[in-house]
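Reviewing the structure listed below.
2 protein chains.
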Amino acid sequence: MQSNALKRLLVIGMVILWNVLCPVWAQRTTSYTLVIHGGAGTITRANMSAEMERAYHQSLQRALDLGEKMLAGGLPALEVVEKVVRLLEDDSLFNAGKGAVLTNAGEHELDAAIMDGKNLGAGSVAGVKTIKNPISAARAVMEKTEHVMLSGSGAEAFARQIGLEMVPNSYFSTESRRRGLKRALEEEKKNTPNAPQPAAGISSVRVDWKYGTVGAVALDQQGNLAAATSTGGMTNKRYGRIGDAPLIGAGTYADSLVAVSCTGWGEFFIRMVMAKSLADRVRFGNQSLVKAGDELIQIALPALGGDGGLIAVDRNGEPIMPFCTEGMYRGYVRKEAGSDKVKRVVAIYKD
Amino acid sequence: MQSNALKRLLVIGMVILWNVLCPVWAQRTTSYTLVIHGGAGTITRANMSAEMERAYHQSLQRALDLGEKMLAGGLPALEVVEKVVRLLEDDSLFNAGKGAVLTNAGEHELDAAIMDGKNLGAGSVAGVKTIKNPISAARAVMEKTEHVMLSGSGAEAFARQIGLEMVPNSYFSTESRRRGLKRALEEEKKNTPNAPQPAAGISSVRVDWKYGTVGAVALDQQGNLAAATSTGGMTNKRYGRIGDAPLIGAGTYADSLVAVSCTGWGEFFIRMVMAKSLADRVRFGNQSLVKAGDELIQIALPALGGDGGLIAVDRNGEPIMPFCTEGMYRGYVRKEAGSDKVKRVVAIYKD
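Residue numbers (our numbering), protein chains in the order written: chain A, 1 to 351; chain B, 352 to 702.
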């Protein structure tokens with residue numbers, strides 16, 4: 001009897017110890033990182049009210065809150081970047097989903113892409129006008145079709161068919177974006193008074209000089225990486241212009257070593273195949289993520305005549321957020337193995 | 352007088368010598384390479400008549416003739432790859448321009464891209480239906496706009512505006528492609544009898560298992576590289592599917608070291624960012640072009656579940672044409688410095 005009671009006590013003691021130690025051990029060994037951006041451009045203290053600044057900070061914090069909770073709960077990076085980008089799409093502050101900029105025709109044409117570094121799975125949509133959350137359509141293209149990239153009304157037909165939420169194009173409009181297009185059109189008219197049909201809409205490209213793309217990259221507790229990007233493109237764009245965001249390897253890329261999401265003057269990011277360049281410099285060039293990011297964004301991109309920024313994370317959870325514009329809406333949360341603390345950064349300006 | 356006559360004789364002699372030696376010297380030091388493809392797929396001796404084989408050989412030889420003449424004449428690689436791809440677009444044997452396959456809707460939707468390795472200039476069009484030569488539209492996007500990629504009716508409006516030749520969509524049709532779509536639709540119906548709305552058109556993707564993309568890459572006498580690709584995509588495609596051909600870095604890429612044009616199951620080439628991967632393995636991975644091409648096409652691509660091939664040339668003029676399908680319409684001309692001979696290869700099957 002006595003020995004039985006002792007045994008029972010021992011077992012109970014071990015169970016208690018197990019239940020106390022395991023979470024502590026798990027907490028200490030798990031690691032994850034989420035990095036987000038809300039676009040790069042001429043974002044300076046001079047042209048930002050305290051109220052707007054607060055609003056952007058709140059939006060970025062909210063996105064990090066959501067992602068951190070998901071990553072801490074062990075959810076896969078792919079799921080996290082999709083849901084975080086959805087939140088930013090629904091947020092009218094950013095040029096993606098609700099709040100997207102207007103094309104020359106006064107419409108919204110949205111692009112998005114997602115990539116799963118675990119298996120190089122990828123999906124993207126370009127030029128869609130009535131899908132509420134383009135990033136979820138991109139994920140559906142990846143998971144429910146053998147295709148990677150669907151465009152225009154075909155992509156919308158697919159989204160409708162699988163039951164994604166559809167909205168009228170006007171859903172995406174905000175007063176501020178309507179003013180933006182009006183300014184762009186006036187500016188264009190002033191610059192080219194005798195050009196009722198400006199050649200290829202070049203003149204207006206630089207008018208609304210802020211790139212409100214949104215993006216997220218994550219490393220999950222299983223060590224997998226994923227990237228997602230969503231955008232409304234450039235104010236006053238025309239001719240069915242497609243930027244870098246929906247192009248795998250240009251604006252969005254993830255493999256087993258690096259996940260990347262870009263924001264900036266899309267044409268230069270396409271020509272440099274920016275996201276893939278970063279990944280390959282790390283994989284083949286033996287460069288650190290920090291060095292590769294700096295060389296591409298601070299040296300190679302301006303040398304070619306472009307600007308913008310990117311966010312990336314490697315399989316060690318190292319986050320980078322380089323940009324060569326005045327500002328970039330950005331932030332990250334990082335939990336390192338061997339530490340209980342989660343580091344969190346949110347920033348807008350260069351300094 | 353005598354000394355004057357001697358002088359005159361000496362001068363005449365030198366002029367003659369100059370005029371004889373210079374071309375010989377130039378001939379011996381110039382080098383250039385052109386590589387072309389007309390698509391990879393299930394191309395076997397068993398399903399090819401002698402007549403068809405002859406026709407394909409003739410078409411490939413004609414394209415090499417044109418390109419070789421241009422390169423020998425000192426024309427830039429960019430000009431050469433555009434004009435060679437134009438010729439292949441106009442040739443109804445290949446799935447690009449005239450002779451393009453039909454979409455599920457019974458239409459032609461064409462994609463093309465071009466890249467200038469000299470300055471990373473790039474242009475592309477996707478989903479165009481009435482531009483006679485999509486590759487020339489891609490070049491115009493590169494040279495006449497600040498954009499890289501235009502799509503659909505917007506790209507067509509641009510092409511019309513700058514005066515490119517427009518044609519009715521039916522111009523691209525051939526009897527053989529109409530039969531191809533009919534077969535694909537019948538096959539699809541047989542495989543999914545109860546699916547009047549097949550989910551995302553997956554079932555039919557593998558029916559017409561030949562990828563008739565066309566492409567050209569060249570190294571010119573100035574040492575510059577360029578790449579061009581043009582395609583009608585996949586038979587029975589729908590939902591505005593965009594393949595790898597018009598995506599810079601996926602199906603088409605050129606920089607100062609390597610020029611690449613791909614053909615195959617586009618989705619896998621997008622996910623691998625194939626063309627840029629090849630260039631980066633050479634640039635950062637210290638791999639030879641041959642090794643990089645073999646590793647990507649013979650190992651990495653099949654491992655992911657895809658197939659196809661690519662053509663590439665490096666700045667030394669080395670051509671490669673790896674593929675992992677039964678056949679690939681392909682060929683090259685190469686003139687090496689220090690030699691008077693131009694090596695020419697045209698082939699279809701694996702052996």
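Every residue, glycine too, gets a C-beta built ideally from N, C-alpha and C.
Counting along the chain, the unbroken beta strand (DSSP E) around residue 612(B) starts and ends at 609-615. Per DSSP, residue 466(B) is one residue of the beta strand (DSSP E) stretching across 461-467.
Per the C-alpha coordinates, the member of 101(A), 130(A), 92(A), 137(A) positioned closest to residue 113(A) is 137(A). Nearest CB-CB separation between residue 328(A) and chain B: not below the 8 Å threshold.
Residue 672(B) counts as buried, since no fewer than 16 other beta carbons sit within 10 angstroms of its beta carbon. Within chain A, no C-beta atom comes nearer than 7 Å to that of residue 568(B); the closest sits roughly 16 Å away.
Residue 584(B) places its beta carbon 8 Å or farther from that of residue 619(B). Residue 670(B) sits in a strand when the DSSP states are folded into three classes.
In the three-state scheme derived from DSSP, where H, G and I count as helix and E and B as strand, residue 645(B) is classed as helix. Proximity of residue 508(B) to chain A, defined by a Cβ-Cβ separation below 8 Å, is satisfied. A check of alpha carbon separations from residue 325(A) across 317(A), 307(A), 315(A), 314(A) identifies 307(A) as the nearest. Sequence-ordered contacts of the segment 52-77 of chain A with chain B are nonexistent [C-beta pairs closer than 8 Å].
Listed by position along chain A, the residues whose Cβ is nearer than 9 Å to that of residue 636(B) are 280, 283, 284, 285. Residues of the same chain with a CB within less than 6 Å of the CB of residue 382(B), apart from the 5 flanking positions on each side, are 668, 686, 687, 688 in chain order. The beta carbons of residue 251(A) and residue 262(A) sit closer together than 8 Å.
The beta carbon of residue 419(B) sits closer than 6 Å to the beta carbons of 684 from its chain, once the five residues preceding and following it are set aside; these are given in chain order. Residue range 50-72 is occupied by the alpha helix (DSSP H) that includes residue 70(A). Among the residues of chain B, those whose CB is under 7 Å from the CB of residue 267(A) are 497, 498, 499, following chain order. Residue 581(B) and residue 246(A) have their alpha carbons spaced roughly 20 Å apart. Counting along the chain, residue 34(A) sits inside no alpha helix (DSSP H); it lies in the beta strand (DSSP E) bounded by residues 32-41. Counted as a single uninterrupted DSSP element, the stretch harbouring residue 471(B) is not any alpha helix (DSSP H), since DSSP gives it neither H nor E. Taking C-alpha positions only, residue 565(B) is separated from residue 447(B) by approximately 7 Å.
Every beta strand (DSSP E) stretch that sits fully inside the segment 209-282 of chain A and reaches 3 residues is listed by chain position as 214-219, 225-231, 252-254, 258-264.
The Cβ of residue 655(B) sits closer than 8 Å to at least one Cβ of chain A. In the DSSP assignment, the residues bridged to residue 662(B) are 612(B).
Residue 693(B) and residue 422(B) have their C-alpha atoms roughly 12 Å apart.
Here the alpha carbon of residue 512(B) sits roughly 25 Å from the alpha carbon of residue 471(B). Under the three-state reduction of DSSP, residue 150(A) is assigned to strand.
Bridge pairing for residue 482(B): 517(B) [DSSP]. For residue 696(B) against residue 578(B), the beta-carbon gap comes to about 19 Å, at or over 8 Å, which does not count as contact. The segment 269-279 of chain A makes contact with the segment 622-637 of chain B: 3 or more CB pairs, one atom from each, lie closer than 8 Å.
It is roughly 49 Å from the alpha-carbon of residue 188(A) to the alpha-carbon of residue 530(B). Contact with chain A is absent for residue 641(B), since none of that chain's Cβ atoms lies less than 8 Å from the residue's Cβ. Among the residues of chain B, those whose CB is under 7 Å from the CB of residue 249(A) are 600, 601, 624, 627, following chain order. Contact annotation, residue 391(B) with residue 660(B): C-beta distance approximately 4 Å; criterion of less than 8 Å satisfied. In the displayed model, residue 364(B) falls within a helix according to three-state DSSP.
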